[in-house]
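See structure below.
Protein chains in written order, with the working numbering: chain D, 13 to 352; chain H, 13 to 352.
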């Protein structure tokens with residue numbers, strides 16, 4: 013039985029802290045899944061092994077051999093060469109120096125074709141084809157998590173620019189402003205990225221003595237980082253520092269997303285990512301409100317929506333890469349008729 | 013002889029201070045031209061009469077009757093409905109309240125079809141088809157003048173969003189920053205638009221007593237506004253206030269254009285507009301430099317170029333609207349083989 017008889021596809025969302033692997037059928041129904049922590053050491057080789065292990069586990073759940081999948085898609089941070097599957101500048105992955113042939117390495121391990129795309133663009137594609145973005149022809153996906161990533165759909169097609177488009181987190185919202193983890197000044201991510209917010213919370217707490225329960229909540233949950241769940245809990249407890257930092261994040265998101273809208277005038281903005289999905293609808297409303305004062309066409313604001321696929325968007329989008337490879341780009345709508 | 017036997021087209025650039033009308037042949041050679049001041053009173057009707065007078069004068073130079081033109085294109089400020097030729101929210105034109113049927117009014121006056129497009133997008137189209145943007149498939153046109161407008165070409169086609177895309181001047185470069193003529197805070201145009209710079213120069217001079225030759229140069233030249241030529245002269249004389257304000261403008265342009273590039277990753281940025289064309293290549297270099305610290309993909313910056321069509325870009329782009337209307341959109345490249 014050749015791979016073309018098997019409509020099953022694999023999708024992997026490679027994140028800075030976790031790996032989410034799924035196996036889906038032609039209707040996007042998830043038949044098997046697994047979640048592994050992203051290796052904190054060992055570099056790209058260790059990550060590739062863990063991706064293979066996670067996909068094998070998802071395949072067991074779906075009762076399929078990896079080599080019988082139509083293919084596997086990966087949504088990866090960093091700069092992705094879609095032609096070769098090589099990944100470089102993946103600064104949210106530990107010890108990822110230079111370029112690594114992620115696609116061919118994993119294809120060799122699993123015995124099936126592997127396509128690689130940028131994690132944020134892939135999640136945006138999933139929202140466009142299967143999620144909150146389905147009614148629209150143009151949209152901006154804003155993935156609010158460790159960093160703030162952006163994905164664009166213009167006139168029904170992904171817009172990648174010269175390959176690296178969508179860096180909405182590094183739009184300047186305040187000249188001479190706060191230092192960003194990327195090293196630049198005044199980026200939106202310097203105020204709204206979870207990594208930047210954690211660094212600032214640590215400084216305010218440890219160096220300036222500002223009281224907060226953020227790090228206590230973190231330890232109680234056995235975490236070493238301020239995860240989205242930790243932020244959500246601190247907000248629920250009305251922790252002052254957490255509230256201040258999230259307020260600043262919402263302001264920066266409002267200014268940055270409105271700027272992008274003034275330039276592009278898309279039909280809809282979809283808010284996803286770890287923090288976006290965790291904080292949910294009330295924060296989508298707050299971001300919409302924060303955009304208001306900066307929107308040039310304020311008589312006709314875009315729709316601003318919560319991501320419809322939740323945590324699975326990245327992995328579902330990755331699996332869509334396989335349909336595209338098989339069908340030629342982009343995936344025909346007829347192949348992806350229903351939402352997960 | 014019917015209009016289809018006449019390959020001549022009219023193009024009008026309607027600006028806040030002047031009207032530029034030209035007649036071109038199929039090779040974009042300018043056969044006749046005229047320049048009129050934009051009426052300071054009388055509203056849209058007065059503007060329409062002046063546009064008609066300017067076009068009749070350009071036709072005399074080209075020895076053609078207006079009614080024998082293939083058509084006339086207008087590049088207008090404000091929100092343009094390309095289907096009807098109606099123009100609204102043209103806040104840089106005096107007394108332009110509500111919507112005005114500019115296209116049909118002028119078509120009636122001149123006896124030839126009239127197409128209307130947004131001035132900035134039309135100038136960007138001209139640079140793409142005939143000017144500095146010809147080698148590229150994607151570009152951002154930045155028209156630096158009274159305001160700061162943006163035009164987008166993505167994958168070889170104008171990107172208009174829902175009709176109002178390209179408002180790069182109202183991207184936020186400084187949350188909580190300077191008040192923009194549009195009423196919002198921290199827009200790029202609040203620092204870089206000529207109108208905002210003039211208002212600030214007046215305040216610094218008249219209210220804060222900062223010395224400057226800007227207004228003396230203005231009066232010596234018989235002007236009532238700080239035109240691009242006045243700014244250029246003041247810079248040449250190393251006027252301190254003019255230098256400070258232009259330095260701030262360049263910083264804001266650098267941050268805002270880099271933000272747009274981080275989002276879109278186009279191949280090229282073309283700098284035009286009254287101030288852009290007047291200050292020329294040295295300032296294009298300064299803007300390129302000011303973008304540097306904010307560019308995410310700094311290893312691969314876009315080409316940043318001076319507009320190639322100078323002051324005529326707007327009128328040439330307006331004339332291209334006629335080719336598009338005749339041929340169906342967009343104008344075939346074969347019809348526009350040579351630069352003006």
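Even glycine gets a Cβ: it sits at the ideal position worked out from N, Cα and C.
Any chain H beta carbon closer than 8 Å to residue 166 (chain D):
yes
Output needed for residue 304 (chain D): all residues of its chain with C-beta closer than 7 Å, excluding positions within five of it in sequence on either side, in chain order.
Correct list, in chain order: 310.
Rounded to whole angstroms, what's the CA-CA distance from residue 103 (chain D) to residue 182 (chain D)? Just pull it up for me.
Rounded to the nearest whole angstrom, the C-alpha separation of residue 103 (chain D) and residue 182 (chain D) is 14 Å.
Counting only beta-carbon separations shorter than 8 Å, does residue 104 (chain D) have a partner in chain H?
no
Cβ shell of residue 108 (chain D) (< 6 Å), same chain only, five flanking positions each side left out
56, 102
If you compare alpha carbons, which of H:47, H:35, H:42 is closest to residue 29 (chain H)?
H:47
Please decide whether residue 230 (chain D) counts as near chain H, where near means a Cβ-Cβ distance under 8 Å.
no
Only counting runs of 3 or more residues, tell me where the beta strand (DSSP E) segments fall wholly within the region 245–290 of chain H, in order along the chain.
280–284
Is residue 158 (chain D) buried or exposed, if buried means 16 or more other CB atoms sit within 10 Å of its CB?
buried
Compile a chain-ordered list of the residues in the region 266–289 of chain H whose CB is closer than 8 Å to at least one CB of chain D.
Result list: 267, 268, 270, 271, 272, 274, 275, 276, 277, 278, 279.
Separation of residue 231 (chain D) from residue 187 (chain D), as counted between CA atoms
Between residue 187 (chain D) and residue 231 (chain D), the C-alpha separation is close to 36 Å.
Tell me whether residue 155 (chain D) sits in a helix, a strand or coil according to DSSP, three-state version.
strand
Looking at the unbroken beta strand (DSSP E) that takes in residue 86 (chain H), where does it start and where does it end?
Run containing residue 86 (chain H): 84–88, per the beta strand (DSSP E) assignment.
Taking only beta-carbon positions, decide if residue 28 (chain H) is within less than 8 Å of chain D.
With respect to chain D, the C-beta atom of residue 28 (chain H) has no partner C-beta closer than 8 Å.
In terms of residues, what are the limits of the beta strand (DSSP E) holding residue 33 (chain H)?
30–36
Starting from the Cα of residue 58 (chain H), find the closest Cα among H:114, H:300, H:337 and give me that residue.
Ranking the options by Cα distance to residue 58 (chain H), first place goes to H:114.
Give a yes or no on whether 8 Å exceeds the smallest Cβ distance from residue 94 (chain H) to chain D.
no
Whose C-beta lies closer than 7 Å to the C-beta of residue 123 (chain H) among residues of the same chain, with five residues either side of it excluded?
78, 79
Please look up how many angstroms separate the CB atoms of residue 284 (chain H) and residue 319 (chain H), rounded, as I've assumed it's under 8 Å.
3 Å
Taking just the CA atoms, how far does residue 33 (chain H) sit from residue 331 (chain H)?
10 Å
Quick check on residue 125 (chain D): does DSSP put it in helix, strand or coil?
coil
Let's test the definition: count the other Cβ atoms within 10 Å of the Cβ of residue 312 (chain D) and tell me whether it reaches 16, buried, or not, exposed.
exposed
DSSP three-state call for residue 336 (chain D): helix, strand or coil?
helix
Using beta carbons (cut-off 8 Å, strictly below), is residue 153 (chain H) in contact with chain D?
Answer no: the Cβ-Cβ gap between residue 153 (chain H) and chain D never drops below 8 Å.
Secondary structure of residue 134 (chain H), DSSP reduced to three states:
helix
With a cut-off of 8 Å on the beta carbons, I'd call residue 256 (chain D) and residue 151 (chain D) a contact; round off their distance for me.
That pair is no contact at about 31 Å.
Got a sec? Which residues, its chain only, sit under 7 Å from residue 184 (chain H) by beta carbon, not counting five neighbours each side?
198, 199
I'd like to know if residue 80 (chain H) contacts chain D, where contact means its C-beta is closer than 8 Å to some C-beta of that chain.
no
Check whether the region 119–138 of chain H and the region 80–88 of chain H touch, using three or more Cβ-Cβ pairs below 8 Å as the test.
yes
Between which two residues does the beta strand (DSSP E) holding residue 100 (chain D) run?
98–100
Applying a beta-carbon distance threshold of less than 7 Å, which residues of chain H neighbour residue 309 (chain D)?
Around residue 309 (chain D), the beta-carbon contacts reaching into chain H at under 7 Å are 176.
Let me make sure I understand the geometry here. Which of D:166, D:137, D:169 has the alpha-carbon closest to that of residue 155 (chain D)?
Closest in C-alpha terms to residue 155 (chain D), from the list D:166, D:137, D:169, comes D:137.
Where does residue 170 (chain D) land, buried or exposed, given buried means 16+ other C-beta within 10 angstroms?
buried
Could you check where the beta strand (DSSP E) with residue 92 (chain D) kicks off and where it finishes?
Residue range 91–93 is occupied by the beta strand (DSSP E) that includes residue 92 (chain D).
I need the straight-line Cα distance from residue 192 (chain D) to residue 201 (chain D), nearest angstrom please.
6 Å
Excluding five sequence neighbours on each side, which residues of the same chain lie with their C-beta closer than 7 Å to the C-beta of residue 268 (chain H)?
180, 183, 185, 200
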